[in-house]
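Below is one structure; the comments refer to it alone.
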Amino acid sequence: MTDRTIVVIPDIQYPKHDPIALKAVIDFIGDIEPTEVIQIGDALDYEAPSRWSTGTRAEYEGNVESESESFVQEFIVPLRGVFSGPLGFHEGNHDSRPRTYLEGRAPGLGASQHFHMERLLRFDDYDIRRLPDFNRVGPNVITTHGHLGRITLNRTAGLTALTAVRRWGVSVVMGHTHRAAAVPETSGLGEPRTVWGVEAGNLMDDSRADYLKGAPGNWQRAFVVLHLSGETFQPEVVYMRPDASFEYGGFRYYQPEAA
């Protein structure tokens, strides 16, 4: 029986991220050397090609290619510096913005893959896999960003994922909500079965999420560690303090510049 540990990196929405929190997660991955790393989607924000930016100044201020390359240098390169194992990315609704913008505004160029996430972030150069929208990581466990599959959103952390669990009948690890929780549900007679709804949190700087318009987002800064052994699945949500410190395995992790 092979034991596996998967670190799930939540929504980052670069460049609206918290750089100290992001570095903390990269350092953590280098420390524990997991079996696999999954970025759950919305790695980038891509505000310029957003439908919310259409006709506004924001549509013309951004540069998709330079934003993508900055993300490569500030996230992918450091991550690959400490972790050489399997690395996969989900495409979130923000990640798809350049692609869908081109398809909608210039349909004659819609077949071009230049503005697909895997090209913009140079997946081939860094041995990164574009994950399927519903990615099976265990016998009854899938990861997904969370914007597909007609999942009903819930304001309470964990309950959006639990909705997906009840729809699909397997444990679901997702992003999208920016909330963090792992909620179990057990059913069955004789040999009860437990499945989990897991929401992975976020690594954003809330003050840069201008779409909140100053209101609290009921978001949690966190990431997730998945423990798999045969058919056994145990998710672990790692919550981060405002200074990006956190506990895992009996140890406290922190960034010196935040101490």
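The sequence shown begins at 1 in full-length UniProt numbering and counts up one residue at a time. Just so it is clear, CB atoms sit at the ideal spot from N, CA and C, and this is done for glycine as well.
Sequence-distant residues of its chain with Cβ nearer than 6 Å to residue i (five each side left out)
| i | result |
| --- | --- |
| glycine 92 | Gly41, Asp42 and His145 |
| valine 141 | Ser171 and Phe233 |
| leucine 148 | Asp133 |
| glutamate 33 | none |
| tyrosine 248 | Val238 |
| valine 7 | Ile29, Pro34, Val37 and Val225 |
DSSP three-state assignment for residue i, whether helix, strand or coil
| i | result |
| --- | --- |
| alanine 209 | coil |
| methionine 240 | coil |
| alanine 157 | coil |
| serine 84 | coil |
| phenylalanine 223 | strand |
| glycine 138 | strand |
| valine 165 | helix |
| glutamine 113 | coil |
| threonine 143 | strand |
| arginine 179 | coil |
| glutamate 67 | helix |
| proline 184 | strand |
| alanine 43 | coil |
| arginine 99 | helix |
Euclidean distance between Cα positions of residue i and residue j
| i | j | result |
| --- | --- | --- |
| valine 86 | isoleucine 128 | The sequence given here has proline at residue 86, not valine. If I take the Cα positions, the gap works out to 7 Å. |
| leucine 203 | glycine 250 | 22 Å |
| glycine 190 | arginine 155 | 34 Å |
| asparagine 63 | leucine 22 | 22 Å |
| glutamate 118 | serine 70 | 15 Å |
| aspartate 124 | arginine 130 | 10 Å |
| glycine 175 | histidine 114 | 25 Å |
| arginine 122 | serine 84 | 16 Å |
| glutamine 39 | arginine 193 | 28 Å |
| glutamate 74 | aspartate 31 | 19 Å |
| arginine 166 | threonine 186 | 11 Å |
| arginine 241 | valine 37 | 22 Å |
| glycine 188 | valine 72 | 46 Å |
| tyrosine 254 | isoleucine 20 | 9 Å |
Spatially closest choice to residue i from the options, by CA coordinates
| i | options | result |
| --- | --- | --- |
| tyrosine 14 | Asp45, Ala182, Ala21 and Asp27 | Asp45 |
| phenylalanine 134 | Ala164, Gly158 and Thr186 | Ala164 |
| isoleucine 12 | Thr35, Ile76 and Glu36 | Ile76 |
| valine 137 | Gly88, Gln73 and Ala24 | Gly88 |
| valine 237 | Gly169, Gly188, Pro184 and Tyr254 | Pro184 |
| threonine 5 | Thr35, Phe28, Asp18 and Pro19 | Thr35 |
| threonine 143 | Glu103, Glu199 and Tyr126 | Glu199 |
Contact set for residue i: own chain, Cβ-Cβ below 8 Å, skip 5 residues either direction
| i | result |
| --- | --- |
| tyrosine 239 | Ala180, Gly201, Gln220, Arg221, Ala222 and Phe246 |
| glycine 217 | His178, Asp206 and Ala209 |
| residue 330 | Outside the shown range of the chain, which is 1 to 259, sits residue 330, and nothing can be said about it. |
| residue 262 | For residue 262 there is no data in the structure shown, the boundaries of the chain being 1 and 259. |
| proline 235 | Ser171, Val173, Ala182, Trp196, Val198, Val224, Val225, Leu226 and His227 |
Buried or exposed (CB count within 10 angstroms, at least 16 for buried), residue i
| i | result |
| --- | --- |
| proline 98 | buried |
| leucine 153 | exposed |
| aspartate 95 | buried |
| aspartate 3 | exposed |
7 Å CB neighbourhood of residue i in its chain, flanking five on each side removed
| i | result |
| --- | --- |
| isoleucine 26 | Pro78, Leu79 and Val82 |
| isoleucine 151 | Thr160, Thr163 and Ala164 |
| lysine 16 | Asp45, Met204, Asp205, Arg208 and Ala209 |
| residue 264 | Lying outside 1 to 259, the shown extent of the chain, residue 264 is not represented and no answer is given. |
| proline 139 | Glu231 |
Minimum Cβ-Cβ distance from residue i to chain D less than 7 Å
| i | result |
| --- | --- |
| arginine 221 | Absence of chain D from the displayed structure is noted, only one protein chain being present. |
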